[in-house]
Amino acid sequence: GSLGLMTSVLLTPDGQIMEAEAAHGTVTRHFRQWQRGEQTSTNSIASIFAW
Numbered sequence: 012g013s014l015g016l017m018t019s020v021l022l023t024p025d026g027q028i029m030e031a032e033a034a035h036g037t038v039t040r041h042f043r044q045w046q047r048g049e050q051t052s053t054n055s056i057a058s059i060f061a062w
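The opening position of the sequence shown corresponds to residue 12 in my numbering, with each subsequent residue numbered one higher.
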C-alpha cells in the first residue's frame with residue numbers, strides 16, 4: 012500500500028468507530044481543507060490505483 016492511504020481508527024470498547032482519519036499526505040491535507048469549506052481536488056481513482 013501507500014503511506015498516503017494509511018488511516019488511523021479509534022474504536023470504542025464495543026467495537027464502534029469513534030474517530031477515523033487519514034494519517035499522512037495529500038489525503039489528510041485535502042480532508043482538512045474540506046473541513047474548512049475549501050475546494051479540494053483529490054483524484055479518488057488515482058488514490059485507489061496508487062494503493
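The C-beta atom is built at its ideal place from N, Cα and C for all residues, glycine as well. Keep in mind it's a predicted model, so treat the numbers as computed, not measured.
Item, Value
"Ordered along the chain, which non-local residues of its own chain (more than five positions away) have a Cβ less than 7 Å from that of L22?", "I28, M29"
"Output the distance between the C-alpha atoms of Q53 and F42, rounded to the nearest integer angstrom.", "For the sequence presented, residue 53 should be read as Thr rather than Gln. Near 9 Å, if we compare the C-alpha coordinates of F42 and T53."
"Within the present structure, is the beta-carbon of S52 separated from the nearest heavy atom of the ligand ZN by less than 6 Å?", "For the ligand ZN, the structure offers nothing, since it holds no ligand at all."
"Ordered along the chain, which non-local residues of its own chain (more than five positions away) have a Cβ less than 8 Å from that of A31?", "T18, S19, V20, L21"
"Do you know offhand how far Q44's Cα is from T51's?", "7 Å"
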